[in-house]
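Here the sequence shown stands for residues 459 to 1104, numbered as in my numbering. Here a beta-carbon is modelled for each residue, glycine too, at the ideal position from N, C-alpha and C. Small disclaimer: the values here were computed from a predicted structure and weren't measured.
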Amino acid sequence: MNLVKNVTMIHASRLLAAALLLAGSSTIAVQAQTVPVTPMTPDVVEKYDPVLPEADFIRREVMVPMRDGTRLYTVIVMKKGTKGGPMLLSRSPYDAHGDATRTKSLHLVDIVPAMDAPFVEAGYIRVYQDIRGLHRSEGQFVMNRPLSGPLNPTGIDEATDAYDTIDWLVKNVPESNGKVGIIGSSYLGFTSLMAEIAPHPALKAAVPESPMVDGWMGDDWFHNGAFRVSALDYALGQSTGKADAGAAIPHGAGDDYTRYLRAGSAGDYARKYGVETVPFVRKLMENPAYTDFWSLQAVDKWLAARPLTVPTMLEVGQWDQEDSYGAPAVYNALKDKLGHAPLTLVIGPWRHSGANHYGYDLGALTFAGDTAAQWRRDWVKPFFDHWLRDAPDPKLPAAITYATGIDKWEQSPRWPMGSGQPYYLGPDHGAGFAAPDKAGEVSWVADPASPVPFLPRPIDMGDGAQWKSWLVRDQRFVSGRPDVVSFTGSTLAKPVHIMGAPAVDLFLATSGTDADVVVKLIDVYPDDVPEAAVQGAKPSMAGYELPIGIEIFRGRYLKSFAHPEPLTPGKFNRFRFTLPNVDHVFLPGHRIAVEVQSSLFPLYDRNPQTFVPNIFNAKPGDYKPATMRVGYGGATPSAVILPVVP
């Protein structure tokens, strides 16, 4: 009886629940009919600026107008609460947004590049800008845009863009004190120098680092007429700096030595991969000699033609593998001009742009601490503090250099400090400061089909580790080649200290009608150098052949950089050119060596050794072996003139 009653009650409950559910559904249906339908909308925002109340900095992204209406993307970062802060500007082709976003962090010192940390911590306002035509900036990009004039009739250049940018900053950044400094390396060194031409009154100081100054004489594109093959990939990358404009040529996992060799001339390589369609590459290929295209855009010549009014600290790495020419060239152009603003040249133990990274070591070399941080702390910041914040004058000398070999910083009243002493090539592959007693010559066959590599093979031009340190690579990797001739002095009993640019004075004859000369100045370590404290951390320096300077000269330009001429077969020609500036001490127990060869591939394009009007257009049949002869003593006293400090 109770069971029947319970079943009846359960059934009734279920009927009641069903009725209530139907009533609710009816209500929902009525509500659905009364709510308007919202059309679908996109869920990707055009731009999102995160609100970060916990962040210790302010970040602004602005489009700064230039005088022609073009707007340049600019990022401004500063500590919260900044008042009366000086501004430090960099104008870059390498993505200003990325420069100001090193990491995702709530702390300013973490988002800016490491070299900027001391400045932003001290209350500097950091400003990063994309130059016109690249990344987020408007306008048209021109590689190393020339100063307004015959090559640039627009009236717009990097000098005017820098002026307009600074003018906008001092009027629109209320947290600033109205004073601006400019700093940057490589291309940013070029834009820093350009800002010093007819500078804005608010520009109070500049630190151009490893600046691109003369692309034919010794920065980036050519060195003394020899073309840098890697420039093709760089030019392509810069010319496709806008999003979706193109991509780099994939190199793959092979040997770039073989890859470039099989392509033929540098021009053939450009045509094979379509790089000749890039406007700047066409300009390179059309101007292999030092035409007005190059001379009219040489920054050292522009600066020498006007007073230097902005206090300037020029910096270059002793082993800068890209732009070793520019900073010393500007210094030499300005140092003797009366009444110029303070000018200092800094040479550190670094690779290209190494001053902006960690400076503990380079390749197999280890230095006395973080030399890059030392430079920024002891000289760069006091320099900017004085000119931008009225701090005490650091009274910088004419030159600040790091003496490799003894690993210490030196300050000098002038540069160069050393006086020229010939280091003569001699018989039996010897060398020394005394002229040889007898004359003679050493010969070898240079074959364009088997050029001397600049690195041990396989070579990967895209390998950053290889590229950054190749200038300090142990040169024993070419010791067995018959087309590399060495002249080595006796073991030193006392140190030899050089401060300046070693100068090549070489007498060479060729059986061909053109020739490249590559000269290396080498510090040969003794065989009993102690092993590294941590095994495997660094290679052994026992017997290490450390390059102190390497440079090339293309023979067709012996008489004129602008008008190349063939060489006379069999006639000795005098090759005179300089190696990069150095401060180095050859220690007792070491030996000084000079190596001579006819190629450095694929860093530089091959010389056919047969004169052709334009090597970019050389045909396979133009590339021929030639016998090279270097003279020593007598009427052909080949030597490297070392700037020896007494």
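Linking K793 to L801 through their CA atoms gives a straight-line distance of about 7 Å. Within a 10 Å sphere around the beta-carbon of Q598 sit fewer than 16 other beta-carbons, which makes this residue exposed. Note on geometry: alpha-carbon atoms of N630 and P659 lie some 16 Å from one another. Counting along the chain, Y715 sits inside the alpha helix (DSSP H) bounded by residues 714-721. In the DSSP assignment, V578 falls within the unbroken alpha helix (DSSP H) covering 575-579. In terms of CA proximity to P855, L772 leads the group E579, Q779, L772. For Q696, there is no enclosing beta strand (DSSP E); the enclosing alpha helix (DSSP H) covers residues 688-697.
Taking 3 residues as the minimum length, the beta strand (DSSP E) runs contained wholly in the region 985-1035 are 1003-1012, in order along the chain.
Shown here for P880: same chain residues with a beta carbon closer than 6 Å to its own, the five before and five after excluded, namely A1097, I1099 in chain order. When Cβ pairs closer than 8 Å are counted between the two stretches, the region 685-695 is seen not to touch the region 1027-1040, the count staying below three.
Taking 9 Å as the cut-off, the Cβ atoms of V578 and V638 do not count as close.
In the three-state DSSP reduction, I917 falls in the coil class, being neither helix nor strand. Looking at the DSSP output, H1042 sits in a beta bridge with T862, I956. Per DSSP, Y816 lies in no beta strand (DSSP E) and is assigned neither H nor E. For M771, the three-state secondary structure derived from DSSP is strand. When the Cα atoms are used, A762 and N682 turn out to be separated by approximately 21 Å. Per DSSP, the beta bridge partners of A889 are L883. In this model, T499 and H593 are separated by some 29 Å (Cα to Cα). H709 is positioned such that its CB atom lies closer than 9 Å to that of G920. In the displayed model, H565 falls within coil according to three-state DSSP, outside both helix and strand. With respect to E654, T532 sits apart: the two C-beta atoms are not nearer than 9 Å. In the DSSP assignment, Y621 falls within the unbroken alpha helix (DSSP H) covering 616-630.
The beta carbon of A791 is closer than 7 Å to those of D758, L761, A762 in its chain, skipping five residues each way along the sequence.
Of the residues assessed, M521 falls on the exposed side of the cut-off, its CB having fewer than 16 other CB atoms within 10 angstroms. The three-state reading of DSSP puts G542 in coil, since its state is none of H, G, I, E or B. In the DSSP annotation of this structure, R939 is not part of any beta strand (DSSP E), being labelled neither H nor E.
With respect to D972, V1070 sits close: the two C-beta atoms are nearer than 9 Å. Contact holds between the region 1042-1061 and the region 945-952, because three or more Cβ pairs, one in each stretch, are under 8 Å apart.
Of L1016, Y1015, D986, T1085, the smallest CA-CA separation from Y1002 is found for D986. By the Cβ criterion, the region 867-877 is not in contact with the region 1013-1024, since fewer than three pairs of Cβ atoms, one from each stretch, lie closer than 8 Å.
According to DSSP, D963 shares a beta bridge with R1034, A1097. Each of S1056, F738, T770 was checked against the Cα of K978, and the nearest Cα belongs to S1056.
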